[in-house]
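Read through the structure below, which is laid out as C-alpha cells, and then see the notes.
There are 2 protein chains.
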Amino acid sequence: MRYNKKSMKIRLDYNNMMSSVIGKDGIKEDDFKTPSFCRDLKKAFKSVEEGKGKGMMGWADLPYNQDEIVEDILETAKSIRKNFEYFVVLGIGGSALGPIATFQALCHLHYNDLPRRIRKGPKFYVEDNVDPERMEALLDIIDIEKTMFNVVTKSGSTSETMTQYLIINNILKQKLGDKAKDHIIATTSKSAGNLIKIAEKEGYKTFYIPDGVGGRFSELCPVGLLPAAVVDIDIKGLLLGAKFMLEECKSDNLKKNPALMSAVLQHLSMKNGKNIGVMMPYADGLKFIADWYAQLWAESLGKNVTLSGKSCHVGQTPVKALGVTDQHSQVQLYAEGPFDKVITFIGVDEYRTTVEIPKGCEEYPNVNFLCGHTMNELIQAERMATEYAVTKAGKLNYTIMLPTLNAFTLGQLLMYFMLQTAYAGALLNIDTFNQPGVEEGKNATYALLGRPGYDEKRMELANAPQKQNKYIIC
Amino acid sequence: MRYNKKSMKIRLDYNNMMSSVIGKDGIKEDDFKTPSFCRDLKKAFKSVEEGKGKGMMGWADLPYNQDEIVEDILETAKSIRKNFEYFVVLGIGGSALGPIATFQALCHLHYNDLPRRIRKGPKFYVEDNVDPERMEALLDIIDIEKTMFNVVTKSGSTSETMTQYLIINNILKQKLGDKAKDHIIATTSKSAGNLIKIAEKEGYKTFYIPDGVGGRFSELCPVGLLPAAVVDIDIKGLLLGAKFMLEECKSDNLKKNPALMSAVLQHLSMKNGKNIGVMMPYADGLKFIADWYAQLWAESLGKNVTLSGKSCHVGQTPVKALGVTDQHSQVQLYAEGPFDKVITFIGVDEYRTTVEIPKGCEEYPNVNFLCGHTMNELIQAERMATEYAVTKAGKLNYTIMLPTLNAFTLGQLLMYFMLQTAYAGALLNIDTFNQPGVEEGKNATYALLGRPGYDEKRMELANAPQKQNKYIIC
Chain A
0 MRYNKKSMKI RLDYNNMMSS VIGKDGIKED DFKTPSFCRD LKKAFKSVEE GKGKGMMGWA
60 DLPYNQDEIV EDILETAKSI RKNFEYFVVL GIGGSALGPI ATFQALCHLH YNDLPRRIRK
120 GPKFYVEDNV DPERMEALLD IIDIEKTMFN VVTKSGSTSE TMTQYLIINN ILKQKLGDKA
180 KDHIIATTSK SAGNLIKIAE KEGYKTFYIP DGVGGRFSEL CPVGLLPAAV VDIDIKGLLL
240 GAKFMLEECK SDNLKKNPAL MSAVLQHLSM KNGKNIGVMM PYADGLKFIA DWYAQLWAES
300 LGKNVTLSGK SCHVGQTPVK ALGVTDQHSQ VQLYAEGPFD KVITFIGVDE YRTTVEIPKG
360 CEEYPNVNFL CGHTMNELIQ AERMATEYAV TKAGKLNYTI MLPTLNAFTL GQLLMYFMLQ
420 TAYAGALLNI DTFNQPGVEE GKNATYALLG RPGYDEKRME LANAPQKQNK YIIC
Chain B
0 MRYNKKSMKI RLDYNNMMSS VIGKDGIKED DFKTPSFCRD LKKAFKSVEE GKGKGMMGWA
60 DLPYNQDEIV EDILETAKSI RKNFEYFVVL GIGGSALGPI ATFQALCHLH YNDLPRRIRK
120 GPKFYVEDNV DPERMEALLD IIDIEKTMFN VVTKSGSTSE TMTQYLIINN ILKQKLGDKA
180 KDHIIATTSK SAGNLIKIAE KEGYKTFYIP DGVGGRFSEL CPVGLLPAAV VDIDIKGLLL
240 GAKFMLEECK SDNLKKNPAL MSAVLQHLSM KNGKNIGVMM PYADGLKFIA DWYAQLWAES
300 LGKNVTLSGK SCHVGQTPVK ALGVTDQHSQ VQLYAEGPFD KVITFIGVDE YRTTVEIPKG
360 CEEYPNVNFL CGHTMNELIQ AERMATEYAV TKAGKLNYTI MLPTLNAFTL GQLLMYFMLQ
420 TAYAGALLNI DTFNQPGVEE GKNATYALLG RPGYDEKRME LANAPQKQNK YIIC
C-alpha cells in the first residue's frame with residue numbers, strides 16, 4: 000500500500016506542558032536554554048545517534064535491513080492463512096505486547112468473532128501467562144490439529160514460554176506424531192539458547208531475533224512481523240512508517256525532533272517530581288499501545304545505577320488509561336489529585352468509520368443535544384474537553400495526534416516511542432537496554448522449582464525471615 | 000451453591016509492610032499505637048460503621064435487602080439465556096467495570112468462543128466507549144434481532160451510554176418496530192433522570208439502582224447482578240461472600256479487620272510518599288478486578304478538598320498489573336526504581352484446574368527443571384519469588400490470598416475493597432463518594448456539542464488561550 004507521508008505524519012502538541020499555559024508546574028522556555036541542559040541534551044542526542052545499529056540498538060536498523068526476511072514472512076503467513084484455523088503466539092513480555100497492540104490497532108476490533116470468509120485467515124490468540132486455567136481454556140476452544148503455534152523467546156529459555164511449548168508440543172506429538180513439527184514456528188536467537196537447538200533437531204521453520212534487538216524493542220523484527228502478517232496487516236507499511244519517523248527524528252534541534260522533545264518534556268517533569276506517566280489514547284484500536292509502551296518505558300528507565308556506576312533509583316511509573324472510558328474511572332483523580340503526573344493523550348483525526356447519532360429524543364433536552372452529531376464528534380469533543388479540564392486543573396499534559404490509524408502511522412508511533420525511550424534513558428545516564436532487576440525473581444523461581452545449580456539461592460530462601468502470624472489476618 | 004465459610008475465607012498477609020521485614024520504608028508496630036493514630040482510626044472506623052446503609056453507603060446493605068430483586072433477576076436471566084444469542088451491556092465506568100471483572104473471574108476464560116451448547120447462554124459483550132470503530136465492529140458481529148441490550152446509567156443522562164442507546168434503539172426500531180422494546184432492559188434510578196422516563200414510555204423491563212449506591216459501588220446491585228446472572232454466575236454466592244466479608248470487618252480492632260488494616264497500611268504509606276498503588280493478581284481470572292479497583296480507589300480518594308473544607312490534593316494512583324505476565328514488563332521498575340509504591344499481590348491457593356508440564360527435555364537442563372512440575376507450581380513459585388525479590392529490594396508489598404476463585408470468594412473480595420476504600424477515605428477526611436472533578440470535562444463536552452444552557456462555558460472555551468504553533472511539532 001502507498002501512504003502520503005505529508006498528510007500521514009503524526010504530530011506532537013506540547014502547549015500544555017509549558018508554564019505559560021499550565022502555570023507553576025510547567026516548563027519555561029528558558030529551561031531549554033540553560034548551559035547544563037544544552038550540554039546534557041547534546042550528549043544524549045549524540046549517544047543515541049551514534050549508538051543506532053550498534054550494541055542493543057539494532058532495532059534502529061530494522062526498517063532498513065529486512066527485505067529478504069519480510070518476503071519470507073509474507074510467504075509463510077500466506078500459507079498459514081490458507082492452511083490453519085488458529086494461530087497462537089506463545090510468548091510473554093516483549094514477545095507478546097507488541098503483537099497484541101498491533102493486532103488490536105490494525106485488525107477488526109472483533110476479529111475473532113468474524114466468520115472465516117471475512118477474516119480470510121486464522122483466529123488469533125496470544126498466550127502470555129502460565130495460569131493453568133487459561134491454558135485449559137485455550138485448549139477447550141482451539142482444534143490443535145488446525146493450529147499453528149509461534150513460540151517466541153530470544154533467550155530460548157524463558158520459563159513461561161518454554162512451559163507452554165512443552166505442553167503444546169506434547170499434545171501435538173500425541174495427536175500428530177512426526178507431523179507435529181509442521182505446527183510450530185520458532186522465533187528465537189540464531190546463535191544462543193535452547194530453542195534454536197530444539198528447532199533444528201525437530202525441524203521447525205525458524206525466524207531469528209537479531210542480537211541487538213531486546214524483547215521490548217522487537218515488534219518490528221519477526222517477533223511482531225510474523226503474527227502481524229498472519230492477520231493480514233501491511234507489515235511493509237509498518238516498516239515504512241518506522242523508517243519515516245527515524246528520518247523525522249534526525250535533528251539535534253529539539254523543536255524539530257518530536258521524540259527528543261517528548262523525552263525532554265518527560266525528563267524535566269521527572270526531575271520535578273512527576274513520577275507517574277499516564278498514557279491515554281482516544282481510540283479502542285490504540286488501547287494496547289499503552290500496554291506495550293508501559294513495558295518499554297518501565298523496563299528501560301526503571302534502574303538503580305547510572306552508567307557511571309552511581310546508585311540511583313529512577314524511573315517513571317507508566318499508567319494505562321483509555322479515552323473516553325477512563326474519564327469515568329481515573330479523571331477525577333487526574334483533575335483533583337496530586338500534581339504528580341504527566342498525561343500523554345493520543346488522538347486520531349479521522350476514525351476509520353463514521354457513526355451517526357440518530358434524532359428522535361426531542362422530549363429530553365439533556366439527551367437530545369447529542370442527536371444529529373456523530374460518535375466521531377462526541378469522542379473528539381470529549382478528548383478536547385478532558386484536555387481542557389486537566390489543563391485548567393494545572394496538570395501537565397501533551398497530545399500526540401495521528402491523522403488516522405493505519406500501518407504507516409502505527410509504524411511511526413512505535414518508532415517514536417522507542418526513540419523517546421532511548422533519548423530519555425540517555426538523559427538519565429542509565430543503561431536503557433538491560434533489565435538486571437528481573438534476575439532476582441527468576442533465580443528465586445529456579446530455586447523454588449529445584450533447578451540444578453541454584454542450591455545457594457535455595458538456601459538463602461530457606462534462611463529468609465519466616466512470615467510472622469501476627470501480621471496475617473485470616 | 001453452598002460454600003464452607005471457614006475454608007473459603009480470604010486472608011491478608013502484611014508482613015512485608017512492616018519495618019522489621021522491609022527496612023526503613025516500613026511501618027513500625029509503634030505507628031499503630033500513637034495517640035493521634037488511634038484517635039484518627041477510631042473516628043474513621045466509627046464514621047464508616049455509622050454510615051453504613053445511609054447516604055451514599057447504600058452498598059453496605061445490598062447483601063441484605065435484595066431477596067426479591069434477586070429472584071426477579073434470576074427469572075429474567077433465565078429467559079434471556081434461553082431466547083437470545085447475544086447480551087450486550089451498554090454502560091461506562093461503574094456500569095461496565097464490575098460486570099467485566101465478574102465475567103472474567105467466574106466464566107470460562109474464552110467464554111464467547113465456546114459453542115452455544117456448552118455456554119448454554121448468549122455471548123457476552125460490554126460496550127464501554129464511544130469509539131465509532133468499536134460500535135461498527137460490534138454491529139458487524141452480532142445479530143441485533145437475537146440480541147438483548149442492557150442499558151445501564153443511574154443518572155439516565157450519561158452521554159456515552161445514551162449515545163449507544165440512541166444508535167441501538169434506532170436500528171432495533173427499524174428492524175423490529177414495536178418489538179424493539181423486548182430487546183432492551185434499562186437499569187437506572189427509579190426516580191431521577193431520562194432513562195426511567197424513556198423506559199416507562201417505551202415499556203422496557205427495568206431494574207433500579209438504589210439512590211445510595213454510586214456507580215463504582217454498584218456491582219452488587221442489579222447493575223452487576225443481571226449481567227452476571229445472564230452468564231450463569233451464582234449471584235447468591237456473590238452476595239453471600241460480600242455479606243460474610245461485611246461481618247468479618249465489624250471490629251474496630253485493626254488486627255481483626257482486614258479491610259481496615261489494608262486501608263491503614265495504604266494510608267500510612269501515602270503519608271510517607273507512596274503515591275502509587277500497584278495491584279497485581281496472579282490469575283487471569285482476576286485481571287479485570289484491578290481495573291474495577293482502579294476506578295474505586297482513584298475516583299473515591301482523588302480529591303482536592305477535605306470534609307472540613309480545607310484544600311488538599313490527595314489520592315494514590317492505581318496501577319494495574321497481572322502476574323506473572325507483567326513480571327516481564329513492570330517488575331524491573333518495581334525492583335530497581337523509586338521507593339514510591341505499594342504493591343498489592345493477589346494470590347490463589349487452588350486454581351480451578353491443574354495442568355502438568357510433561358517430561359521429555361532431558362538434554363536441556365535449563366528447560367528440563369520445569370518438566371514434571373505443574374503450571375500451578377510454576378505460577379505459585381513465580382508469585383512467591385516476585386514477592387521475595389521486591390521485598391529484598393525494600394519495596395512495600397502485601398498479599399491477599401483467595402482459597403480459590405468462586406462466587407463466594409469474589410463477593411468477599413469486592414466487599415473487602417469497597418470497605419477498604421470507605422475506611423481510607425474516612426482516614427483522609429474526604430468525601431469518598433462524590434466525583435466533582437469530572438464535571439469540568441462533562442461541561443466542556445456539552446459546550447462543544449452545543450447543548451442548550453452551556454453558552455457561558457462555550458464562551459469560556461472560546462476565550463481560552465489559543466494553542467501556539469511553536470509548541471506543536473508537525
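Quick mapping for you: the protein sequence lines, in order, are chains A and B. Position 262, counted from 1, in the first sequence is what numbering that gives the first Met the number 0 calls 261; the numbers after and before it change by one each time, with no gaps. Position 121, counted from 1, in the second sequence is what numbering that gives the first Met the number 0 calls 120; the numbers after and before it change by one each time, with no gaps. Glycine included, C-beta positions come from ideal geometry on N, C-alpha and C.
Quick one: which chain B residues come within Cβ less than 8 Å of residue i?
i	result
P226 of chain A	Under the 8 Å cutoff, chain B gives no residues; its nearest Cβ is about 17 Å from P226 of chain A.
E455 of chain A	Per Cβ cutoff of 8 Å: no residues; E455 of chain A is ~14 Å from chain B at best.
H107 of chain A	A136 and D139
C248 of chain A	Near C248 of chain A there are no residues of chain B at all, since even the closest Cβ is about 10 Å away, more than 8 Å.
Whose C-beta lies closer than 8 Å to the C-beta of residue i among residues of the same chain, with five residues either side of it excluded?
i	result
A388 of chain B	V330 and A334
S46 of chain A	A425
G54 of chain A	G211 and F432
D39 of chain A	L426
I140 of chain A	none
Against residue i, what residues of chain A qualify as contacts under a CB-to-CB distance less than 8 Å, listed in chain order?
i	result
H312 of chain B	E335, G336, P337 and F338
H372 of chain B	L448
K204 of chain B	Per Cβ cutoff of 8 Å: no residues; K204 of chain B is ~20 Å from chain A at best.
Within the same chain, show all residues whose beta-carbon is closer than 6 Å to that of residue i, passing over the 5 residues directly before and after it, in chain order.
i	result
N248 of chain A	Going by the sequence as given, residue 248 of chain A is Cys instead of Asn. Contacts found: N256, A258 and L418.
C106 of chain B	V230
G276 of chain A	Q315, P317 and V341
Any chance the CB of residue i is under 7 Å from a heavy atom of the ligand HEM?
i	result
L401 of chain B	The model on display carries no ligand, and the ligand HEM is accordingly not part of it.
In the DSSP assignment, find the alpha helix (DSSP H) that holds residue i and state where it starts and stops.
i	result
Y333 of chain B	V330 to E335
M161 of chain A	S158 to L175
A100 of chain A	L96 to L105
Taking the continuous beta strand (DSSP E) assigned at residue i, which residues delimit it?
i	result
P317 of chain B	T316 to K319
K302 of chain B	K302 to V304
Y85 of chain B	Y85 to L89
S188 of chain A	That residue, S188 of chain A, is in no beta strand (DSSP E); it is neither H nor E in DSSP.
Quick check: what's the CA-CA separation for residue i versus residue j?
i	j	result
I345 of chain B	E386 of chain B	11 Å
L11 of chain A	C370 of chain A	32 Å
F432 of chain B	S299 of chain B	6 Å
C58 of chain A	A423 of chain B	As written in the sequence, residue 58 of chain A is Trp, which differs from the Cys given in the question. Computed Cα separation, rounded: 45 Å.
T398 of chain A	K8 of chain A	14 Å
V304 of chain A	S261 of chain A	23 Å
R351 of chain B	T403 of chain B	7 Å
K51 of chain A	N274 of chain A	28 Å
Q294 of chain B	L401 of chain A	28 Å
E438 of chain A	I197 of chain A	24 Å
M0 of chain A	E355 of chain A	29 Å
T420 of chain A	K309 of chain B	40 Å
Output, in chain order, the set of chain A residues within a Cβ distance shorter than 7 Å of residue i.
i	result
E199 of chain B	Within 7 Å Cβ-Cβ: nothing; E199 of chain B doesn't reach chain A, min ~12 Å.
T324 of chain B	I91, D127 and N128
Take residue i and list the residues in its own chain whose beta-carbon comes closer than 7 Å to its own, dropping the five residues that flank it on each side.
i	result
K486 of chain A	Outside the shown range of chain A, which is 0 to 473, sits residue 486 of chain A, and nothing can be said about it.
G223 of chain B	G97, P98, T101 and S217
I118 of chain A	The sequence given here has Arg at residue 118 of chain A, not Ile. Within the same chain, R118 of chain A has close Cβ partners Y110.
F83 of chain A	P121, K145, T146 and M147
L413 of chain B	E218, L219 and A241
E361 of chain B	N367
Using a cut-off of 9 Å between C-beta atoms, extract the partners of residue i located in chain A.
i	result
H182 of chain B	Neighbours of H182 of chain B on chain A: none; closest Cβ ~16 Å, over 9 Å.
A406 of chain B	Correct list: empty, because the minimum Cβ distance to chain A is about 16 Å.
Y292 of chain B	Here the premise fails: no neighbours, minimum Cβ distance about 10 Å.
Show which residues of chain B have a CB atom less than 9 Å away from the CB atom of residue i.
i	result
N303 of chain A	A334, E335, G336 and A392
| said: Could you check whether the segment 123-132 of chain A touches the segment 370-387 of chain B, counting it as contact only if at least three pairs of C-beta atoms, one from each stretch, sit closer than 8 Å? | reply: Because the criterion of three Cβ pairs below 8 Å is met, the segment 123-132 of chain A and the segment 370-387 of chain B touch.
| Stretch pair the segment 26-45 of chain A + the segment 262-269 of chain A: three plus CB contacts closer than 8 Å | With the cut-off at 8 Å, the segment 26-45 of chain A and the segment 262-269 of chain A touch.
| query | Using 8 Å as the Cβ pair cut-off and three pairs as the minimum, do the segment 187-204 of chain A and the segment 149-167 of chain A touch? | reply | Flag = yes, the segment 187-204 of chain A and the segment 149-167 of chain A touch.
| field | Contact between the segment 439-458 of chain A and the segment 357-371 of chain B (3+ Cβ pairs under 8 Å) | value | Touching, yes, given that three or more Cβ pairs across the two stretches are closer than 8 Å.
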